[in-house]
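Student: Residue numbers (the UniProt record's numbering): 1 to 496.
Ideal Cβ placement from N, Cα and C applies to all residues, glycine included.
Model, not experiment: these values are computed from the prediction.
1. Would you decide whether residue 422 is buried or exposed? Buried here means 16 or more other CB atoms lie within 10 Å of its CB.
2. Using CA atoms only, rank isn't needed, just tell me which of 124, 229, 400, 393 is closest to residue 117.
3. Considering only C-alpha positions, which residue in the set 470, 379, 386, 125 is nearest to residue 202?
4. Assess, as a yes-or-no matter, whether the stretch 320-329 is touched by the stretch 362-378 under the definition of 3 or more beta carbon pairs within less than 8 Å.
5. Nearest to residue 152 by alpha carbon, out of 380, 441, 68?
6. Measuring CA to CA, which of 225, 194, 178 is closest to residue 166?
7. How would you call residue 245, buried or exposed, if buried means at least 16 neighbouring beta carbons within 10 angstroms?
8. When you compare the CB positions of residue 226 and residue 443, do they come within less than 9 Å of one another, or not?
9. Mapping DSSP to helix, strand and coil, what is residue 436?
10. Identify, in the order they occur along the chain, each residue of the same chain with its Cβ nearer than 7 Å to the Cβ of residue 352, setting aside the five sequence neighbours on each side.
11. Ignore the nearest five residues each way along the sequence and tell me which others in residue 63's own chain have a CB closer than 6 Å to its CB.
12. Helix, strand or coil: how does DSSP classify residue 11 here?
13. Can we say the stretch 135-144 touches the stretch 247-262, given the rule of at least three CB pairs closer than 8 Å?
14. Can you give the Cα-Cα distance for residue 313 and residue 345, rounded to whole angstroms?
15. Taking all protein chains shown into account, decide if residue 342 is buried (16 or more other Cβ within 10 angstroms of its Cβ) or exposed.
16. Grouping DSSP H, G and I as helix and E and B as strand, with all else coil, what is residue 202?
17. Expressed to the nearest angstrom, what Euclidean distance is found between the alpha-carbon atoms of residue 299 and residue 257?
18. Determine the extent of the alpha helix (DSSP H) in which residue 454 is found, giving its start and end residues.
19. Pop quiz: residue 269 and residue 354 are said to be a contact at Cβ under 8 Å. What is the actual Cβ separation, rounded to whole angstroms?
20. State the DSSP-derived secondary structure class of residue 37, mapped to helix, strand or coil.
21. Quick check on residue 200: buried or exposed, where buried means 16 or more other Cβ atoms within 10 Å of its Cβ?
22. So does the stretch 285-298 actually touch the stretch 225-243, counting three or more Cβ pairs closer than 8 Å?
23. For residue 478, count neighbouring C-beta atoms within 10 Å of its own C-beta (all shown protein chains included) and say buried if the count is 16 or more, exposed if not.
24. Would you call the stretch 362-369 and the stretch 82-101 in contact, with 3 or more CB pairs under 8 Å?
25. Provide the residue span of the alpha helix (DSSP H) that contains residue 59, from first to last.
26. Span of the alpha helix (DSSP H) holding residue 94?
27. Out of 292, 129, 434, 290, which has the shortest C-alpha to C-alpha gap to residue 381?
28. Please report the straight-line C-alpha distance between residue 263 and residue 282, rounded to a whole angstrom.
29. Give the single residue among 384, 273, 235, 404 whose Cα lies nearest to the Cα of residue 316.
30. Rounded to the nearest angstrom, what separates residue 469 and residue 455 at their Cα positions?
31. Distance check for residue 467 and residue 476, CA to CA, integer angstroms please.
32. Could you give the DSSP three-state label for residue 132: helix, strand or coil?
33. Would you mind reading off the limits of the alpha helix (DSSP H) that contains residue 81?
34. Straight-line CA distance for residue 242 to residue 175?
35. Could you pull the DSSP bridge partners for residue 283 from this structure?
36. Tell me the rounded alpha-carbon separation between residue 420 and residue 413.
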């Protein structure tokens with residue numbers, strides 16, 4: 001039997017002896033299985049009555065209260081029993097959506113297929129979902145306050161989810177007036193102030209504005225909270241006239257509303273050069289219904305001085321933004337795109353990017369006759385998420401692997417993001433047109449590095465000859481490591 005290597009904890013990884021295969025089309029079966037799992041999980045979550053203080057409050061603290069608290073971005077506070085109980089039914093519904101648009105917390109990775117180990121995963125387990133459902137349907141018992149976890153203390157200053165930055169660069173403030181058309185253009189260049197080159201381990205961008213969170217609508221991420229829809233940006237040197245020097249430009253991950261931090265591979269940091277400027281000629285501002293002044297704060301976390309990256313970033317064009325065709329009043333329409341890896345590659349993140357009709361995207365790796373689904377996620381254009389694989393779960397793919405993404409489109413009235421489902425939709429930059437891209441991060445590996453990574457994966461996961469690891473088609477193959485270069489020539493073969 002084969003081990004599953006996609007469980008959420010190491011003990012499960014090293015003890016579970018089974019392999020699960022799912023098909024893209026097995027939604028009905030998956031739903032039935034998940035329902036049975038919930039019934040079992042409700043019994044297994046804990047003995048006795050499910051109560052707020054004992055069972056529900058710890059879940060809310062871990063996955064909800066960072067936003068759903070006084071002054072937070074969420075539309076209601078979910079801190080005290082008196083605040084939570086009236087919304088019990090809504091909480092059950094939103095968490096029960098799991099990986100579909102509108103689900104809370106906003107994490108849409110499907111748990112029935114592909115790799116299941118990701119960094120900063122706030123999603124709820126089957127047992128936690130079952131506990132919420134049981135509690136909501138049994139009268140929302142409060143329980144004993146002695147069972148309550150210690151209350152969290154929140155810092156209402158700018159919140160950095162990836163950790164406190166070593167450098168914060170602030171863009172100049174802009175004002176977007178209520179009811180004005182969208183604006184798309186260039187913003188002022190801002191010096192980083194960096195005096196020496198540094199390698200970056202993560203970058204995170206937050207919008208800071210004068211919107212009163214207590215008065216915001218909370219309808220969507222964009223609904224009343226923010227004015228920066230997105231920013232495509234980079235760093236560059238400027239010449240004596242203050243113009244960007246194109247040869248010095250370095251691109252960085254795009255900022256979008258609802259986006260989580262970008263955490264780079266520990267061995268593949270990105271270089272932020274001294275004396276450079278933050279530059280962008282593609283900022284999209286969107287009116288939120290009230291006069292709002294705001295700016296972006298860009299937080300960089302650095303590696304220690306002396307750090308040198310082992311791997312280089314590799315650009316893999318995977319997607320289609322040119323000839324998309326989505327018919328009106330139809331759901332379950334598919335888009336496909338392929339790319340062949342020219343180098344041994346480690347995939348650091350999977351980041352689907354779709355527009356209004358997009359409901360789901362899957363990433364496959366094709367190597368020889370092996371076709372594996374690496375990840376499938378639901379999509380919500382109000383929360384553009386990047387999914388960073390755990391370090392011992394990053395796909396390790398040999399040169400020649402075919403990457404295949406599948407996008408699932410719903411252009412019907414059942415999709416609340418569609419303004420008029422009768423309309424055909426094509427490609428374009430606006431949200432009412434379409435993109436179909438995987439914006440994930442990847443690094444390239446030499447032959448020797450590739451073999452070293454596979455050996456480390458076998459050791460970390462304690463893999464045996466009969467195990468299977470998703471995303472590493474050659475990890476258990478009987479391969480011979482590359483022959484070391486030798487100055488001595490091979491002996492000549494004697495003549496017959």
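Tutor: In short:
1. exposed
2. 393
3. 386
4. no
5. 68
6. 194
7. exposed
8. no
9. coil
10. 361, 377, 379, 438
11. 105, 122
12. Caution is warranted here: a pLDDT of 36 is assigned to residue 11, below 50, making its placement in the model unreliable, and the coordinate value is therefore given only provisionally. In this structure, residue 11 counts as helix in the three-state DSSP scheme.
13. no
14. 10 Å
15. exposed
16. strand
17. 16 Å
18. 447-460
19. At roughly 29 Å, the Cβ-Cβ gap does not stay under 8 Å, so residue 269 and residue 354 are not in contact.
20. Bear in mind that a pLDDT of 46 at residue 37, under 50, signals an unreliable position, so the model cannot answer this.
21. buried
22. yes
23. exposed
24. no
25. 57-63
26. 88-96
27. 434
28. 23 Å
29. 404
30. 13 Å
31. 7 Å
32. helix
33. 81-84
34. 24 Å
35. 185, 231
36. 8 Å
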